[in-house]
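In my numbering, the protein residues as written are 70 to 404.
For glycine and all other residues, C-beta sits at the position ideal for the given N, C-alpha and C.
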Amino acid sequence: MVTITDIARRLGVAVSTVSKGLNGANDVSESTRALILKTAVEMGYAGRKVQKSGVRKVCVLAEREEFLSAGQFGYDLAMGFRTTAAQNGWQADLAPFQGLLSSQEALDTFLLRHNYAGAFLIKQPLDYFFQANYLKNLINSAFPLVFWEEESNGPCSGSVGSDHRRGVFMAVEHLCQLGHKRIALLNGLPDFPLSGLWAAAYRDALEVLQLTYQDALYADCCGKESVRPFVHRLLSFGATAVLCAGSQASSSVLACLRAMGRRIPEEISVLGLSGRLEASEKKEPFTVVRQDSLSLGRAAFYMLEGLRNKIPMGRLLLRPQLILRDTTGPCARHL
70 MVTITDIARR LGVAVSTVSK GLNGANDVSE STRALILKTA VEMGYAGRKV QKSGVRKVCV
130 LAEREEFLSA GQFGYDLAMG FRTTAAQNGW QADLAPFQGL LSSQEALDTF LLRHNYAGAF
190 LIKQPLDYFF QANYLKNLIN SAFPLVFWEE ESNGPCSGSV GSDHRRGVFM AVEHLCQLGH
250 KRIALLNGLP DFPLSGLWAA AYRDALEVLQ LTYQDALYAD CCGKESVRPF VHRLLSFGAT
310 AVLCAGSQAS SSVLACLRAM GRRIPEEISV LGLSGRLEAS EKKEPFTVVR QDSLSLGRAA
370 FYMLEGLRNK IPMGRLLLRP QLILRDTTGP CARHL
């Protein structure tokens with residue numbers, strides 16, 4: 070077992086300095102603390118509690134506790150991670166990270182103090198505040214970290230996510246096989262990172278399937294108020310199917326079409342591109358491409374294990390699922 074004395078000997082500092090660094094004392098400089106933490110992790114140091122109990126621990130860090138409640142998007146992610154950890158002899162705890170990630174040292178000190186060997190971080194997908202204030206501080210963390218849907222170039226970090234580009238192709242291909250040739254896309258907000266990916270994947274899919282891209286059949290959604298004019302426009306240009314970025318947009322489009330007296334899918338098909346199972350999808354099922362959150366959680370644990378074993382893993386994309394329901398059907402013009 071690695072001891073504090075071993076760490077002090079390697080660094081050539083006093084045992085008391087190492088102890089203070091591991092416990093976040095204020096009278097140790099940030100650079101010294103970072104070096105102590107990095108060395109402790111590299112040497113495989115475990116606190117006294119772990120040495121006595123033999124329990125191996127990792128944790129799931131959630132941006133807010135409610136993200137891990139049943140019905141929320143983080144619940145299945147955490148469940149998949151924790152179940153797989155238990156099957157492999159690990160204890161996986163849950164902890165909110167509000168106020169924790171203000172600096173690399175704050176997170177590393179927390180993990181070491183609680184004897185965690187690494188962490189899986191779950192937060193609102195592609196959150197700008199997180200990117201601006203937290204992610205940059207975690208790049209050089211001494212601990213293995215796995216992010217959900219957030220790329221990181223840190224030497225000890227990686228990320229798991231859904232292959233959204235493949236998901237868009239699956240959606241367009243499904244509609245094409247049903248005879249649709251005028252397929253529209255209601256995208257997300259222009260500055261939302263996934264919107265650019267969805268738009269590019271949509272155009273690529275049309276090209277591969279030998280369909281023509283038309284500006285009139287594409288729109289960026291800026292809220293519910295933009296759905297109605299988009300629906301009217303796509304109908305006037307002869308669209309027979311529409312892809313919707315997100316479950317909320319899908320529900321809004323369906324409601325708008327039904328209010329206009331349109332029959333779904335007899336007159337027009339609707340398919341959602343969703344990053345997760347959302348409340349609106351549960352209330353009103355529709356054909357959707359979405360990720361399997363339980364599988365993502367399982368993949369996150371295995372990636373964390375790889376990072377712990379010095380395997381340089383970067384980004385792992387899982388194949389999304391095409392869930393067929395009764396909002397897509399054969400193109401009416403081909404019946």
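Helix, strand or coil at residue i [DSSP, three-state]
i	result
A139	coil
Y185	strand
A308	coil
C325	helix
S88	helix
G149	helix
I191	strand
P213	coil
A348	With a pLDDT of 38 at A348, under the threshold of 50, the modelled position of this residue cannot be trusted, and the question is left open.
D96	coil
I105	helix
P259	coil
G315	coil
A83	coil
S228	strand
I392	strand
V124	coil
L386	strand
Buried or exposed by the 16-neighbour rule on C-beta atoms within 10 Å, applied to residue i
i	result
V322	buried
L370	Checking the sequence shown, residue 370 turns out to be Phe, not Leu. F370 is buried by the Cβ-count criterion.
M65	Residue numbering for the chain in the displayed model covers 70 to 404; residue 65 lies beyond these limits and cannot be assessed.
E374	buried
T74	exposed
E350	Since pLDDT at E350 reaches only 48, below the 50 mark, its modelled position is unreliable, and the value read off the structure follows with that caveat. Buried: at least 16 other Cβ atoms inside 10 Å.
K379	exposed
D395	exposed
A155	exposed
T397	buried
G187	buried
A274	buried
L346	Here the model assigns L346 a pLDDT of 48, short of 50, so the residue's position is not dependable, and the following value carries that caveat. L346 is buried by the Cβ-count criterion.
R78	exposed
E218	buried
P334	buried
R102	buried
A94	exposed
S338	buried
Under 7 angstroms between C-beta atoms of residue i and residue j
i	j	result
D284	P259	no
S319	C313	yes
G366	L80	no
R377	E220	no
V127	W159	yes
A131	V229	no
Y282	L254	no
T356	L340	yes
E336	A401	yes
L181	L163	no
Through-space distance from residue j to residue i, alpha-carbon basis
i	j	result
R359	S316	10 angstroms
N256	T72	55 angstroms
G90	N184	15 angstroms
P262	S85	47 angstroms
D63	R125	This structure cannot settle anything about residue 63, because the visible part of the chain is limited to 70 through 404.
M372	L363	14 angstroms
S264	S98	43 angstroms
C225	M382	8 angstroms
H233	P298	27 angstroms
H243	L278	11 angstroms
N222	R151	25 angstroms
R331	R272	27 angstroms
D96	A83	14 angstroms
L303	V296	11 angstroms
S88	L266	47 angstroms
N92	M70	19 angstroms
S231	D361	8 angstroms
V215	F179	16 angstroms
I76	S100	16 angstroms
G227	H301	43 angstroms
L386	G149	16 angstroms
N157	P399	46 angstroms
T153	P165	20 angstroms
R235	L280	17 angstroms
May I ask you to verify whether the stretch 387-401 touches the stretch 237-253, counting CB pairs closer than 8 angstroms and requiring at least 3?
The answer is yes - the stretch 237-253 touches the stretch 387-401, with three or more Cβ pairs under 8 angstroms.
Below 8 angstroms, can you find three or more Cβ-Cβ pairs linking the stretch 248-268 to the stretch 303-312?
Using a C-beta cut-off of 8 angstroms, the stretch 248-268 makes contact with the stretch 303-312, since at least three inter-stretch Cβ pairs fall below that distance.
Does the stretch 138-153 touch the stretch 181-195, meaning 3 or more C-beta pairs lie closer than 8 angstroms?
With a cut-off of 8 angstroms, the stretch 138-153 and the stretch 181-195 count as touching, because enough Cβ pairs lie within range.
Are the stretch 102-115 and the stretch 205-219 touching by the rule of at least three beta carbon pairs closer than 8 angstroms?
Enough Cβ pairs lie closer than 8 angstroms, so yes.
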